[in-house]
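Read the structure below first, then the notes.
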Amino acid sequence: MEVVVIGAGIGGLAAALRLAHAGLDVTVLERAHRPGGKMRSVAVGGSAVEAGPTVFTMRWVFEELFAECGADLAAHVDLAPAGLLARHAWGPGESLDLLADPEATEAAIAAFAGPGERDGYRRFRARAAAVYETLEGPFIRDERPSPIGLTRRAGLSGLGDLWRIQPFTTLWSALGTYFADPRLRQLFGRYATYCGSSPFAAPATLMLVAHVESRGVWHVGGGLSRLAGAVAELAAARGARFRYGTPARGIAVARGRVVGVDLADGERVPADAVICNADVAGLADGLLGREAARAAETVPAAERSLSAVTLCLEARASGFPLARHTVFFSADYAAEFAQIGRGALPEDPTIYVCAQDRTDTRVPADRSERLLCLANAPARPFSPSEIETCVTTMRRRLRASGLSLSETAEPVTTTPTGFAELFPGSAGALYGRASHGWTASFKRPGARTRIPGLYLAGGSVHPGPGVPMAAQSGRIAADSLLRDRNAARASTRGWSATAMCGGTSTP
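All residue numbers for the sequence shown refer to the working numbering, where the first residue is 19 and numbers rise by one.
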């Protein structure tokens with residue numbers, strides 16, 4: 019069976035690995051010149067700076083993927099557990115660390131905001147764990163759950179659990195039942211941005227991210243782009259072929275089913291099945307042809323996720339003790355997201371900084387280091403002067419907490435327009451559909467489509483954005499394809515030839 023995977027993002031890579039290991043003839047088409055998609059690095063000065071995802075959680079997804087293919091994740095990727103999950107700053111002298119040790123985090127919160135907030139954190143952590151445990155099996159691992167299906171799987175005994183995950187309450191509102199300190203609501207509300215959403219519109223179920231991080235954050239040797247490379251290398255070792263610098267022009271459909279993928283140069287790559295690891299909004303808009311557009315629903319611009327403005331730097335940092343992951347919060351979170359919601363760049367943005375040469379025990383001594391600075395932004399084009407103003411406000415926010423950066427190379431700035439060019443069809447939205455409202459997660463398409471032979475993977479489909487979730491989507495797509503192939507074979511084997519009068523044979 020010939021399978022073509024469009025896109026070497028982590029969803030496509032996971033699917034390619036799984037299918038190649040199963041013995042299928044797999045070809046991966048990727049318009050870029052390396053694997054990873056958003057898991058990418060850029061050259062700044064003489065260094066490669068990670069310019070995409072930087073936090074690695076839900077390690078079990080990759081451990082299972084590698085084990086399914088007869089390999090050991092730890093033998094292919096250098097992983098070190100983080101003791102300090104993230105540092106958070108609001109201004110001079112106002113900072114709080116979240117730590118892998120929950121008791122140490124409780125003590126830090128008590129010292130930062132008082133014993134009442136420590137008790138609120140305990141209750142919040144317990145609720146976040148309950149939300150995750152309720153949703154891992156019937157949602158994260160399931161092919162494409164519906165509200166009715168999720169309720170049916172929970173059964174009568176589980177209905178209380180589903181109600182307690184607060185799907186109809188916003189994350190920001192739910193956090194108010196645990197924390198009186200607005201800084202802590204801001205800290206844990208930021209988890210909504212992990213899927214490109216506003217904490218003021220996203221459902222309270224996203225508190226499960228807190229539990230995911232508490233179960234482990236790992237530093238990846240070489241960055242997450244190296245993780246993507248490891249999956250691609252294993253897929254190639256299992257027989258998958260990779261064609262980089264090869265953009266797909268369209269998905270070929272004949273007699274109602276997939277027959278191949280047409281390339282920009284006119285070549286057609288034949289296929290019995292195609293896994294499309296492109297943004298579903300672009301697919302629905304005709305990015306890969308009018309026939310293939312039937313496989314996805316249009317995502318209105320107002321329902322697309324956040325984009326970002328990022329700076330990749332080589333710089334000497336001083337004045338603030340950066341951790342590997344540090345967040346510098348704006349003075350007014352509600353105002354920040356209100357401006358983004360109106361389509362404007364925030365006047366006082368929250369800035370995430372990944373100091374990529376730092377670990378819990380290693381701090382660069384008086385030398386330049388690799389930094390990624392990120393501010394949330396609407397997914398729409400901005401003028402050069404607007405971007406220049408945004409970069410100025412980003413630097414101002416960092417200075418407000420005492421961080422000074424002395425750059426040693428020309429920085430690389432990526433804007434919403436830049437992301438739209440890097441990832442066609444996304445319009446710059448980095449996470450697909452925003453998780454706003456309780457139905458948003460159920461609007462993401464599943465792996466199977468209405469076109470036989472066409473399957474979907476990636477962060478814009480179920481179960482959602484983020485490295486582990488996108489990889490999980492690839493596993494689901496591959497498993498769906500294999501089940502359909504096996505079912506078709508079983509159906510064919512179930513019939514026998516029968517002799518008929520007149521010399522005609524019919525199955």
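Where a beta carbon is used, it is the ideal one built from N, C-alpha and C, also for glycine.
If you keep only unbroken beta strand (DSSP E) runs of at least 3 residues inside the stretch 274-362, you get 275-281, 286-288, 291-294, 325-336, 343-346.
With a beta-carbon spacing of about 6 Å, A289 and V276 fall inside the 8 Å limit used to define contacts. Listed in chain order, the non-local C-beta contacts of A311 below 6 Å within the same chain comprise A302, G304, local neighbours out to five positions each way being set aside. By the C-beta density criterion, P110 is exposed, having fewer than 16 other C-beta atoms within 10 angstroms.
Taken in chain order, the complete beta strand (DSSP E) segments of 3 or more residues contained in the stretch 203-288 are 236-238, 259-262, 266-272, 275-281, 286-288.
Judged by their CB atoms, F142 and Y212 are not nearer to each other than the 9 Å cut-off. When only Cα atoms are considered, V287 and L103 end up about 45 Å apart. For the beta strand (DSSP E) assignment, the uninterrupted runs of no fewer than 3 residues enclosed by the stretch 431-484 are, from N- to C-terminal side, 472-474. Between A125 and L116, the gap from beta carbon to beta carbon reaches 9 Å or more.
The Cβ atoms of T411 and V371 do not sit closer than 9 Å to each other. With contacts defined by Cβ atoms closer than 9 Å, L47 and I24 form a contacting pair.
Annotation: the continuous alpha helix (DSSP H) that includes V79 extends over 77-86.
Note: D115 is bridge-paired with R105 in the DSSP secondary-structure output.
With contacts defined by Cβ atoms closer than 9 Å, A447 and A475 do not form a contacting pair.
Boundaries for L153: no beta strand (DSSP E) harbours it, while the alpha helix (DSSP H) harbouring it runs 133-153, taken from the DSSP string.
Per DSSP, reduced to three states, the secondary structure at G54 is strand. Annotated as proximal: G484 and G477, with beta-carbon spacing under 9 Å. Residue pairing of I494 in beta bridges, as defined by DSSP: absent, with no partner found. Separation of Y139 and A255 (C-alpha to C-alpha, rounded to the nearest whole angstrom) is 46 Å. Nearest neighbour of A128 by Cα position, chosen from R415, L202, L189, turns out to be L202. Taking a 10 Å sphere around the C-beta of P396, we find 16 or more other C-beta atoms and assign the residue as buried. Of the residues assessed, P221 falls on the buried side of the cut-off, its CB having 16 or more other CB atoms within 10 angstroms.
By the 16-neighbour rule on beta-carbons within 10 angstroms, D297 is buried. Taking 9 Å as the cut-off, the beta carbon of V21 is found no closer than this to the beta carbon of L340. Contact check for R462 against G482 passes: the beta carbons are separated by less than 9 Å. CA-to-CA, the gap between P367 and D90 works out to about 41 Å. For E121, the three-state secondary structure derived from DSSP is helix. Nearest in C-alpha terms to T431, of all of Y449, L390, T467, A445, is L390.
Note that the C-beta distance between R244 and V235 is not below 9 Å.
Rounded to the nearest whole angstrom, the C-alpha separation of G134 and S191 is 18 Å. For L416, the enclosing alpha helix (DSSP H) covers residues 402-418. Annotated three-state conformation of L423 is strand, per DSSP.
When the Cα atoms are used, A26 and E404 turn out to be separated by approximately 32 Å. The C-beta of R58 has 16 or more other C-beta atoms within 10 Å across all chains shown, which makes the residue buried.
Taking the C-beta atoms as reference points, G70 is found nearer than 9 Å to G54.
Take T75, set aside five residues on each side of it, and the residues of its chain with a beta-carbon closer than 7 Å to its own are V230, E231, G234, V235, P486, in chain order.
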